[in-house]
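Since the structure comes first, as structure tokens, the remarks are kept for the end.
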Amino acid sequence: MKKRKSLLLSVVSVMLVFLLSGCEMAELVVFNPKGPQAEKILDLINWSLVWIGLIMVVVIALFVYIVWKYRARPDNADYEPPQEKGNHLVEIIWTAIPFIIVVILMVPTVTTLFDLEEVPAGYEDQEPLVIHATSADWKWIFSYPEQNIETINYVNIPVNRPVLFKLTSAGTMQSFWIPALSGQKYTMAKMETELYIVADHEGSYFGRNSNFNGKGFKEMEFEVLAQSPQDFDKWVKEVQEKAPKLTEEMYAEKLKPSHLGRETFSNTHLEWVDHADHHAKEYLNPELYRVHGYPGKTFTDENNDIDNDTENSDHHHGGDHSGH
Amino acid sequence: MDIKWDKILITGDPLILGSQIAIVLTMVGIVVGLTYFKKWKYLWSEWLTSVDHKRIGIMYIIMGVLMFFRGGVDGLMMKAQTAVPENTFLDAQHYNEVFTTHGVIMILFMAMPMLIGIINIAMPLQIGARDVAFPQLNLLSFWLTFAGAMLFNLSFVVGGSPDAGWTSYFPLAGKEFTPGIGNNFYMVALQIAGIGTLMSGINFIVTIMKMRAPGMKLMRMPMFSWTTLITSLIIVIAFPIFTVALLLGTMDRIFGTHFFTVADGGLDMLWANLFWLWGHPEVYIVILPAFGIYSEVVATFSKKRLYGYTSMVMAIVVISALSMLVWVHHFYTMGVGPAVNSVFSITTMAIAVPTGIKMFNWLFTMRKGRIEFTAPMMWTLAFIPTFLIGGVTGVMLGMAAADFQYHNTLFLVAHFHYTLIPGVVYAVFAALYYWWPKVFGFKLNERIGKWHFWLFNIGFNLTFFPMFFLGLQGAARRMYTYSEESGLWPLYALSAVGAIFLAAGFAALCYNIYWSIRYEKRTTENDPWGTARTLEWATATPVPHYNFAVVPEVTDVDAYWEMKKNKDNFALDPNKIKPIHMPSNSGLPVYMGAAFLIAGFFLVFEWIPLAAISAFLIFAGMIKRSFEYDDGYYVPVEEIIEKERTWRGDSKWKAK
Ligand code: HEM
Ligand SMILES: [Cu+2]
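Structure, rendered in structure tokens:
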């Protein structure tokens with residue numbers, strides 16, 4: 001018994017140390033939203049926590065009460081428990097109550113789901129800024145078709161203006177996630193998904209791919225900088241004037257599995273390929289993914305450059321591939 | 001065919017080299033040991049070729065314990081790697097391999113074999129049968145599962161481990177992004193094991209439908225047998241989907257088709273859908289037998305009939321139906337639209353209702369009972385609050401809009417460990433402690449059992465509770481490391497401390513098994529717990545190979561409890577004993593397992609001609625089987641009388 005107590009003590013003290021060093025600990029970003037989409041989700045989460053807390057309290061109280069009260073003691077050794085079969089009324093009650101709680105949680109879930117697909121309330125009067133986010137191993141490529149600029153591994157957006165991210169991937173499946181601003185959505189090759197985001201505070205936010213995609217997965221992060229509209233416009237202008245042009249050869253090189261720093265260009269890769277298009281050209285490099293172990297055959301090399309109809313790529317933007 | 005001999009063994013990594021040496025030494029040790037003690041024949045004729053369901057069950061459980069060790073070491077390696085920021089113990093590639101093998105091994109080669117082993121031991125006894133319906137098929141199931149597990153484990157030292165996660169999502173798992181043969185191991189090994197599992201499912205269904213003791217209507221069947229029936233149904237419905245998915249995946253990887261590729265119109269989401277169409281039912285395949293185990297244990301040690309038997313049966317039927325209708329909740333984030341997500345949110349959250357019914361029924365079984373804190377009961381009690389956490393966080397994840405923030409994070413990892421560990425591992429522990437004396441004739445030690453219990457429980461909560469918060473801090477799952485600035489380290493470190501306790505808990509279990517084999521008091525009492533209720537406790541301990549000398553008549557649920565109440569003192573009229581027909585042992589399943597292993601190995605290495613040739617080994621075995629006319633044998637009456645007399649005592653030999 002003594003031993004067990006000292007064990008418990010050491011565990012508790014370890015926990016205390018961690019709590020006291022709490023200043024170094026990351027905040028719970030999901031509980032600290034910086035935009036209406038993440039706020040809506042947080043409202044839903046909080047609502048669920050209330051009900052779930054209630055369930056936990058009731059069940060655990062019942063559990064502790066029953067286990068304590070009906071424990072075997074030396075003085076009840078002759079007690080013969082009744083062999084009850086059940087009770088319809090009680091059983092109906094504990095079917096009905098969880099059912100009601102499920103409905104209570106379901107209704108706001110559905111409304112939130114529909115809300116998240118649209119420009120957040122209060123921002124409908126503004127034209128959303130369209131940004132194509134393309135994920136590749138292991139970097140994020142952001143194209144601003146209207147501004148005709150492209151960035152890698154960072155994305156600047158104007159504060160308080162809706163942004164429509166059109167998501168696709170050049171290869172593996174990934175997930176676009178900026179926890180402070182909104183929930184995540186997958187990026188898939190030859191498909192397009194859409195995500196509306198508004199940042200209602202200026203600042204720098206953390207974004208990442210949350211869907212595992214191989215060796216460089218951990219490093220697949222990006223920065224979202226929400227700027228005042230003036231700063232944003234200034235930045236766009238500067239990029240348009242000063243940043244170099246991206247060429248298809250350079251682009252193909254960047255799509256190879258690698259880690260890149262931040263990069264900026266004064267045109268976009270949408271000129272020659274939109275990976276969301278069903279017939280988009282592929283930039284696959286299976287040989288560059290070799291790791292230790294026995295090498296297997298690869299098959300894709302020979303059809304690397306079929307189906308390259310660049311002139312079509314423009315009117316595939318915003319197509320209806322999002323339904324996949 | 002071009003064999004690169006120099007690349008077959010993995011070289012240049014100290015961890016892997018260590019394992020290679022350890023494996024060779026262990027194998028040499030086993031061979032030498034068996035030869036020295038002259039145990040080859042015993043092993044072959046009493047175990048490897050035995051069609052006795054109890055022995056097959058024991059072999060499954062031994063395999064499950066070994067795989068738990070392997071999967072657990074994987075888990076510890078991950079915890080060690082993420083204990084401090086920027087750690088370099090494992091690099092990204094290794095970490096990816098480790099979580100992939102951990103997930104696959106824990107679910108398919110630990111949880112499944114453990115539960116199928118326990119089913120094998122307990123279910124035929126509970127329904128008063130002498131074996132399963134197809135004893136030789138049962139042995140084949142075991143050997144295919146074993147062959148699959150061996151092939152999969154081989155990947156660590158030969159050829160390279162799979163590294164695309166236990167979900168093996170395409171296109172990542174395709175040749176375009178993982179050109180090594182690692183993921184071939186996944187496709188082929190799981191296919192082989194899956195065939196074995198599917199046959200087990202069929203076998204159990206037929207056994208339950210056809211071989212129940214007279215008077216045991218379906219609604220008088222013990223709850224564990226009920227859950228076995230439903231689990232087997234899900235196996236038969238869901239596993240063929242996985243079979244097809246793996247086949248398509250194999251074609252993509254080995255023969256260059258384009259089902260799931262980026263190139264040439266492959267559909268990556270098709271894999272995700274097929275995988276989870278099997279994968280979600282799969283988690284219920286492992287959880288339902290666990291529910292059955294808890295139902296037996298809670299009734300036995302509360303000294304009460306299971307509360308709400310009918311609603312318990314209805315609940316598992318509803319759960320099994322719903323389990324097929326929720327698979328999309330694993331990819332709410334694929335942008336399929338709010339309407340579809342709403343539908344799958346509803347089906348997902350609806351599962352909470354029947355699960356809640358079960359929870360309350362267990363609680364009310366204990367109410368007005370006399371609760372004894374034996375080891376199996378302790379695990380059952382611990383299950384209730386911890387699984388509750390797993391369940392309510394499951395509801396949170398089921399709310400699609402909220403899932404957009406939890407998906408792919410450590411919140412999810414915490415959730416499914418809170419369902420799988422209390423839901424499966426605790427149940428396996430409860431079952432081991434509960435049925436151990438029935439199988440071996442001695443209990444596992446209760447005092448060491450308490451150590452096992454507390455270490456494992458503290459460790460489990462300490463390891464996984466912090467992960468909920470890590471997820472909310474934005475930590476994605478499957479990250480091999482994290483930066484110091486991210487501020488994630490305190491909780492990661494706390495979680496790593498917990499893993500040490502978990503390991504100690506597992507060690508305590510192993511020590512308990514060792515200690516109890518050596519020192520624990522032997523018993524031949526048929527009901528060593530004293531309060532058992534179901535038929536498996538109505539025969540000798542350890543159970544004779546024919547199970548029951550005379551098949552008992554059943555008049556109610558809790559057949560054995562009724563017998564005790566009716567003061568049936570196990571008098572047996574020797575004149576009623578007839579010779580018992582039993583199946584003979586067979587070496588063919590061992591051969592088939594080996595043939596599948598060899599063919600599978602060649603297929604994994606893409607040596608197609610060799611694989612094709614060895615496929616004939618498989619066909620040869622099937623042909624041999626079709627020409628077998630072994631009708632089994634009869635256990636003579638004298639042998640039965642001899643056995644029964646020893647445990648019933650001489651006084652009970654007068655006719656009633
Ligand atoms: C024994 C102690 C265990 C420990 C320390 C442990 C630890 C872990 C860790 C650290 C991860 C990966 C987290 C990440 O994404 O980086 C993980 C993943 C996983 N674990 Fe466990 N685990 C344990 C037991 C189990 C059991 C009993 C099961 C199943 C019955 C299980 C099933 C899984 C699965 C399916 C994954 C996901 C693998 C993937 O991402 O592909 N684990 N576990
Ligand atoms: Cu699921």
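Line by line, the protein sequences are chains G and R. Each step along the first sequence adds one to the number in full-length UniProt numbering, with nothing skipped, and position 204 is 204. Each step along the second sequence adds one to the number in full-length UniProt numbering, with nothing skipped, and position 349 is 349. We treat Cβ as the ideally placed atom computed from N, Cα and C, and that holds for glycine. All of these numbers come straight from a predicted model, not from anything done at the bench.
Name the two residues that bound the continuous beta strand (DSSP E) containing leucine 195 of chain G.
-> Position 195 of the first sequence, counted from the start, is the residue given in the question as residue 195 of chain G. The continuous beta strand (DSSP E) containing leucine 195 of chain G extends over residues 193 to 197.
For histidine 329 of chain R, is the beta carbon positioned less than 7 Å from some heavy atom of ligand 2?
-> Here residue 329 of chain R refers to the residue found at position 329 of the second sequence. Checking every heavy atom of ligand 2 against the Cβ of histidine 329 of chain R, one is found closer than 7 Å.
Simplified DSSP state of tryptophan 580 of chain R, which is helix, strand or coil = As a first step, residue 580 of chain R must be located in the second sequence, where it is residue number 580. It should be pointed out that residue 580 of chain R corresponds to isoleucine in this sequence rather than to tryptophan. If DSSP states are grouped into helix, strand and coil, isoleucine 580 of chain R belongs with the strands.
Determine the DSSP secondary structure at tyrosine 123 of chain G, reduced to helix, strand or coil.
-> Position 123 of the first sequence, counted from the first residue, corresponds to residue 123 of chain G. Residue state, collapsed to three classes: coil.
Is it true that the CB of lysine 358 of chain R sits closer than 8 Å to the CB of phenylalanine 291 of chain R?
-> As a working mapping, residue 291 of chain R is identified with position 291 in the second sequence. As a working mapping, residue 358 of chain R is identified with position 358 in the second sequence. Taking the C-beta atoms as reference points, lysine 358 of chain R is found nearer than 8 Å to phenylalanine 291 of chain R.
By DSSP, does threonine 409 of chain R sit in helix, in strand, or in coil?
-> As a first step, residue 409 of chain R is located in the second sequence; it is residue number 409 there, counting from the start. Looking at threonine 409 of chain R - three-state DSSP - the assignment turns out to be strand.
Leucine 247 of chain R CB to nearest heavy atom of ligand 1 below 7 Å = Along the second sequence, read from residue 1 onward, the residue named residue 247 of chain R stands at position 247. False, no ligand heavy atom lies under 7 Å from that Cβ.
CB-CB length for phenylalanine 456 of chain R against leucine 502 of chain R, believed under 8 Å | The count along the second sequence starts at 1 and reaches residue 456 of chain R at position 456. The count along the second sequence starts at 1 and reaches residue 502 of chain R at position 502. Contact holds; Cβ gap of about 6 Å.
Verify the contact flag: valine 236 of chain G, CB atom, against every heavy atom of ligand 1, threshold strictly below 7 Å.
-> For the purposes of this step, residue 236 of chain G is taken as residue 236 along the first sequence, with counting starting at 1. Result no, Cβ not under 7 Å from ligand 1.
Tell me whether glutamate 241 of chain G is buried or exposed, calling it buried when 16 or more other Cβ atoms sit within 10 Å of its Cβ.
-> By 1-based counting over the first sequence, the position of residue 241 of chain G is 241. With fewer than 16 other Cβ atoms within 10 Å, it is exposed.
Neighbouring residues, chain G, relative to serine 486 of chain R (Cβ below 7 Å) = On the second sequence, position 486 is the one that residue 486 of chain R refers to. In chain order: Ala26.
Is the beta carbon of leucine 151 of chain R less than 8 Å from the beta carbon of isoleucine 195 of chain R?
-> Working through the second sequence from its first residue, we reach residue 151 of chain R at position 151. Working through the second sequence from its first residue, we reach residue 195 of chain R at position 195. Contact check for leucine 151 of chain R against isoleucine 195 of chain R fails: the beta carbons are separated by 8 Å or more.
Contacting positions in the segment 464 to 480 of chain R - beta carbon closer than 7 Å to chain G | So the list reads Phe469, Leu472, Gln473, Gly474, Ala476, Arg478, Met479 and Tyr480, given in the order they occur along the chain.
Start-end ranges of the alpha helix (DSSP H) lying completely within the segment 131 to 190 of chain R, minimum 4 residues | DSSP runs (the alpha helix (DSSP H)) wholly in the segment 131 to 190 of chain R: 135 to 154.
Cβ of lysine 654 of chain R within 8 Å of any chain G Cβ | By 1-based counting over the second sequence, the position of residue 654 of chain R is 654. Here the model assigns lysine 654 of chain R a pLDDT of 47, short of 50, so the residue's position is not dependable, and the following value carries that caveat. Closer than 8 Å: no.
So, is the C-beta of isoleucine 384 of chain R closer than 8 Å to a C-beta in chain G?
-> As a position in the second sequence, residue 384 of chain R is number 384, starting the count at 1. Yes, isoleucine 384 of chain R counts as interfacial toward chain G.
Lysine 217 of chain R: contacting residues in chain G (beta-carbon distance under 8 Å) = Numbered from 1 along the second sequence, position 217 holds the residue referred to as residue 217 of chain R. Contact of lysine 217 of chain R with chain G by beta-carbon distance below 8 Å is absent, the smallest such distance being about 15 Å.
Around the C-beta of tryptophan 379 of chain R, are 16 or more other C-beta atoms found within 10 angstroms, so that it is buried, or is it exposed?
-> If you number the second sequence from 1, residue 379 of chain R lands on position 379. By the neighbour-count criterion, in which a residue is buried when 16 or more other Cβ atoms sit within 10 angstroms of its Cβ, tryptophan 379 of chain R is buried.
Determine the DSSP secondary structure at isoleucine 56 of chain R, reduced to helix, strand or coil.
-> Sequence index remark: in the second sequence, residue 56 of chain R carries index 56 (1-based). Reduced to three states, the DSSP call for isoleucine 56 of chain R is helix.
Is leucine 472 of chain R near ligand 1, judged by its Cβ being under 7 Å from some heavy atom?
-> Position 472 of the second sequence holds residue 472 of chain R. No - ligand 1 has no heavy atom lying nearer than 7 Å to the Cβ of leucine 472 of chain R.
Taking Cβ positions only, does tryptophan 94 of chain G come closer than 8 Å to chain R?
-> Within the first sequence, numbered from 1, the residue matching residue 94 of chain G stands at position 94. Taking 8 Å as the threshold, the shortest C-beta distance from tryptophan 94 of chain G to chain R falls below it.
Report, in whole angstroms, the separation of the C-beta atoms of alanine 402 of chain R and arginine 208 of chain G, which I expect to be a contact under 8 Å.
-> Along the second sequence, one-based indexing puts residue 402 of chain R at 402. Along the first sequence, one-based indexing puts residue 208 of chain G at 208. Rounded to whole angstroms, the Cβ separation of alanine 402 of chain R and arginine 208 of chain G is 19 Å, and the two are not in contact under 8 Å.
Just to confirm, does histidine 102 of chain R get its C-beta within under 7 Å of one of the non-hydrogen atoms of ligand 2?
-> Residue 102 of chain R sits at position 102 when you count from the first residue of the second sequence. Answer for histidine 102 of chain R: no, Cβ out of range of ligand 2.
With hydrogens ignored, establish whether the beta-carbon of alanine 111 of chain R is closer than 7 Å to any heavy atom of ligand 1.
-> Along the second sequence, read from residue 1 onward, the residue named residue 111 of chain R stands at position 111. Alanine 111 of chain R: yes, Cβ under 7 Å from ligand 1.
The alpha helix (DSSP H) spanning glycine 449 of chain R covers which residue range?
-> One-based indexing of the second sequence puts residue 449 of chain R at position 449. DSSP places glycine 449 of chain R inside the alpha helix (DSSP H), whose first and last residues are 446 to 472.
Hey, is valine 326 of chain R close to ligand 2, as in C-beta under 7 Å from one of its heavy atoms?
-> Your numbering for residue 326 of chain R matches position 326 in the second sequence. For ligand 2, a non-hydrogen atom lies closer than 7 Å to the CB of valine 326 of chain R.
Please confirm if asparagine 160 of chain G has its CB atom under 8 Å from at least one CB of chain R.
-> Along the first sequence, one-based indexing puts residue 160 of chain G at 160. No, no contact with chain R.
Identify whether proline 636 of chain R lies in helix, strand or coil by the three-state DSSP scheme.
-> Taking the first residue of the second sequence as 1, we reach residue 636 of chain R at position 636. It is coil, neither helix nor strand.
Would you say valine 392 of chain R reaches chain G, if we count a Cβ-Cβ gap shorter than 8 Å as a contact?
-> Locating residue 392 of chain R in the second sequence gives position 392, counting from the first residue. Residue contact check for valine 392 of chain R against chain G: a CB pair falls below 8 Å.
Identify every run of the alpha helix (DSSP H) within the segment 307 to 334 of chain R, keeping only runs that are complete inside it and at least 4 residues long; order them along the chain.
-> Considered as a whole, the segment 307 to 334 of chain R harbours 309 to 323 as its complete alpha helix (DSSP H) runs of no fewer than 4 residues, in chain order.
If we call anything under 8 Å between Cβ atoms a contact, is histidine 407 of chain R one with threonine 393 of chain R?
-> Walking along the second sequence from the start, residue 407 of chain R turns up at place 407. Walking along the second sequence from the start, residue 393 of chain R turns up at place 393. No. Outside cutoff.
Any beta-carbon of chain R closer than 8 Å to the one on aspartate 189 of chain G?
-> Residue 189 of chain G sits at position 189 when you count from the first residue of the first sequence. It should be noted that the sequence gives alanine, not aspartate, for residue 189 of chain G. So, interface residue.
State the CB to CB distance for the pair threonine 481 of chain R and lysine 139 of chain G, rounded to an integer number of angstroms; the pair is presumed to be in contact (CB under 8 Å).
-> Indexing the second sequence from 1 puts residue 481 of chain R at position 481. Indexing the first sequence from 1 puts residue 139 of chain G at position 139. Contact between threonine 481 of chain R and lysine 139 of chain G is absent: CB atoms are separated by about 18 Å, not below the 8 Å threshold.
Distance, Cα to Cα, glycine 279 of chain R vs aspartate 573 of chain R?
-> As a working note, residue 279 of chain R is residue 279 in the second sequence. As a working note, residue 573 of chain R is residue 573 in the second sequence. Taken atom to atom, the span from the alpha-carbon of glycine 279 of chain R to that of aspartate 573 of chain R is near 51 Å.
Determine the closest residue to methionine 221 of chain R out of R:Val497, R:Arg305 and R:Leu9, with distance taken between C-alpha atoms.
-> Along the second sequence, read from residue 1 onward, the residue named residue 221 of chain R stands at position 221. Ranked by how close their Cα comes to the Cα of methionine 221 of chain R, the residues R:Val497, R:Arg305 and R:Leu9 have R:Arg305 in first place.
For threonine 646 of chain R, which of helix, strand or coil comes out of DSSP?
-> Residue 646 of chain R sits at position 646 when you count from the first residue of the second sequence. Reduced to three states, the DSSP call for threonine 646 of chain R is helix.
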